[in-house]
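Numbering (the numbering used here), first residue to last: 2 to 190.
Inspection log for the structure reproduced underneath, given as structure tokens.
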């Protein structure tokens with residue numbers, strides 16, 4: 002017997018982010034202090050992976066000219082979104098929410114994935130960064146960006162943005178998971 006196997010990586014990543022959020026919400030005060038940062042960091046990377054995978058899969062599935070398809074598939078994350086909006090406008094405006102969150106998600110994800118130095122600066126005991134003329138004040142404050150509320154915001158924003166994009170390609174039940182949060186990662190049949 003031969004079976005067709007479909008991997009929906011975008012749904013797998015979304016499911017993992019949803020589980021990560023639930024896991025963090027169950028942390029005790031002590032475990033939250035110990036593990037929230039690393040759980041959120043992973044969740045941020047998964048959020049962007051889910052969105053980029055979604056864009057790539059959509060690009061492969063929709064009948065568009067080959068030149069545009071290759072341009073989208075080879076572009077970086079933010080450029081993929083911009084190219085899709087040029088192809089069929091869905092209201093992309095990086096100065097407004099939820100697109101501001103997407104831009105921020107991309108920056109924080111890049112900071113995490115391309116991490117260069119563990120010496121992120123000097124801080125006071127009050128949590129305020131110190132500009133001492135030598136160390137730069139960090140672009141990203143881990144005490145802000147690597148918190149549960151930021152991950153929840155990113156997760157909500159990517160789903161909203163994916164829903165906006167789907168509306169331009171005559172959505173069907175294949176994208177219900179964006180509203181129901183019922184994810185199917187693998188389909189064998």
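Every residue gets a Cβ at the ideal spot worked out from N, C-alpha and C, and that includes glycine.
Owing to the predicted nature of the structure, the values given are computational and were not obtained by experimental measurement.
Three-state secondary structure (DSSP) of residue i
i, result
"residue 63", "coil"
"residue 29", "coil"
"residue 141", "coil"
"residue 44", "helix"
Identity of the residues DSSP links to residue i by a beta bridge
i, result
"residue 188", "7"
Cut-off 6 Å between Cβ atoms - residues of its own chain near residue i, not counting five sequence neighbours on either side
i, result
"residue 147", "38, 41 and 42"
"residue 81", "56 and 73"
"residue 17", "47"
"residue 7", "188"
Nearest-angstrom Cα separation, counted from residue j out to residue i
i, j, result
"residue 96", "residue 108", "15 Å"
"residue 100", "residue 63", "23 Å"
"residue 113", "residue 105", "12 Å"
"residue 60", "residue 74", "7 Å"
Neighbourhood of residue i by C-beta, 7 Å cutoff - its chain only, sequence neighbours within 5 removed
i, result
"residue 36", "28"
"residue 102", "154, 155 and 158"
Residue i: first and last residue of the uninterrupted alpha helix (DSSP H) it sits in
i, result
"residue 78", "78 to 88"
"residue 106", "100 to 114"
"residue 155", "149 to 167"
Contacts around residue i, its chain only, beta-carbon distance under 8 Å, and the 5 residues preceding and following it disregarded
i, result
"residue 71", "none"
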